[in-house]
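Asks:
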Amino acid sequence: MPSSKAMLATALAKANTAVQLDNTHSYAFACKYYEESCVLLSQLLPRSSNEKDREKLKGIRQTYLRRIEVLSGAISKES
32 MPSSKAMLAT ALAKANTAVQ LDNTHSYAFA CKYYEESCVL LSQLLPRSSN EKDREKLKGI
92 RQTYLRRIEV LSGAISKES
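Residues in the sequence shown are numbered from 32 upward in steps of one, following this note's numbering.
1. So what's Thr48 in DSSP terms, helix, strand or just coil?
2. Return the residue from the list Lys89, Asp53, Lys63 and Gln51 that minimises the CA-CA distance to Gln74.
3. Buried or exposed: where does Ala42 fall if 16 or more other Cβ atoms within 10 Å of its Cβ makes it buried?
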């Protein structure tokens, strides 16, 4: 299993890609990358022994989950 540091770097890279796709209105692809980032962040939560770090990870994940909801609504309206 990859290190926590590597997982966090991957999660943030996926989120960065999601933001770029979001900015170009590629909502379906943005959702995919936000979701992948959320999965990695969820896997990191139990690995973190520091409560402050866990709260930060939860907050980041929650932000991405809310964005997925918004984008999913936009995708539904486009269909």
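Virtual Cβ for every residue (Gly too), placed ideally from N, Cα, C.
Replies: Let me spell this out:
1. The answer is helix: DSSP assigns Thr48 an H, G or I state.
2. Lys89
3. Buried, since its Cβ has 16 or more Cβ neighbours within 10 Å.
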